[in-house]
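Undergrad:
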Amino acid sequence: MVADAVAVGIRTGYERLSALEDALDGYGEIATLIAMRRPLVLLDFDGTLSEIVGDPAAA
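Residue numbers (this note's numbering): 361 to 419.
1) Output the distance between the C-alpha atoms of Leu380 and Tyr387, rounded to the nearest integer angstrom.
2) Figure out for me which residue from Thr372, Pro416, Ile370 has the closest Cα to the Cα of Leu403.
3) Could you check what DSSP says for Pro399 in three-state terms: helix, strand or coil?
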């Protein structure tokens with residue numbers, strides 16, 4: 361939470377979601393790969409899903 365709305369910034373330069381490919385278009389290929397292999401999901405929280413912070417454990 362911020363005390364003053366002036367502290368809020370807007371990120372720019374990102375593609376519109378409507379310009380991105382639909383992930384479900386590749387569902388058949390994804391389902392085949394998952395059936396053949398053991399799936400692995402990796403998440404990067406520092407800067408991808410949350411703001412970059414000095415202590416990565418705080419992300």
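By construction, the Cβ of each residue, glycine as well, lies at the ideal position given by its N, Cα and C atoms.
TA: In short, the structure shows the following:
1) 15 Å
2) Pro416
3) coil
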